[in-house]
Amino acid sequence: MGTPSSSRDAQEEETLLRRSPVSVSQSPPIVAVVNNELYSLEASSNELKIYLKGSNSWKNLGPVPVKTDVTKGWGIAFKPTGDELFVIGASSNSYAGQGMTIYNCFPKLQADKLHWRTL
49 MGTPSSSRDA
59 QEEETLLRRS
69 PVSVSQSPPI
79 VAVVNNELYS
89 LEASSNELKI
99 YLKGSNSWKN
109 LGPVPVKTDV
119 TKGWGIAFKP
129 TGDELFVIGA
139 SSNSYAGQGM
149 TIYNCFPKLQ
159 ADKLHWRTL
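The following block contains the structure:
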């Protein structure tokens, strides 16, 4: 049997979790910086966006080749290295259970569409 203080600690923790503004069903924001540009992976739509500093808006660069919408952003790796952007996850061209795939691209601010390469 627990002590009164451990019971109180558990109640406080439960209260904090209920008040938490973070949804446990949706992942935290998926962002990366490449060449001093901010990119965001929108998990609900599989869309990659770039932040346009001058207009304080986002430009859609198209879909990523992984299934972010199915997992609500969980289980996705999104990593910048130098001028490359890597995304790792279940391929949008595969069926469930076929493992993870690694893709990379070289994002550009002026690009209308990104060209992803399977590694």
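Numbers in my numbering are just positions in the sequence shown, counted from 1, shifted up by 48. Every residue gets a Cβ at the ideal spot worked out from N, C-alpha and C, and that includes glycine.
Closest in C-alpha terms to V112, from the list K120, E95, S103, I150, comes E95. Across the set Y151, L89, T119, the C-alpha of Y151 shows the shortest separation from the C-alpha of F134. Sequence-distant partners of S75 (beyond 5 residues in either direction) whose C-beta falls short of 7 Å from its own C-beta, in its chain, are A91, K120, G121, W122. For V118, no beta strand (DSSP E) segment is defined; the enclosing uninterrupted segment is the alpha helix (DSSP H) at 116 to 119. Taken atom to atom, the span from the alpha-carbon of Y87 to that of Q158 is near 13 Å. In this structure, the CA atom of K115 is about 9 Å from the CA atom of S93.
Secondary-structure assignment with DSSP links A80 through a beta bridge to Y87. Pairing L162 with F126 gives a Cβ-Cβ distance that is not under 8 Å. Annotation: W164 to V82 spans about 15 Å, alpha carbon to alpha carbon. In the DSSP assignment, N104 forms no beta bridge with any residue.
Counted as a single uninterrupted DSSP element, the beta strand (DSSP E) harbouring I136 occupies residues 132 to 137.
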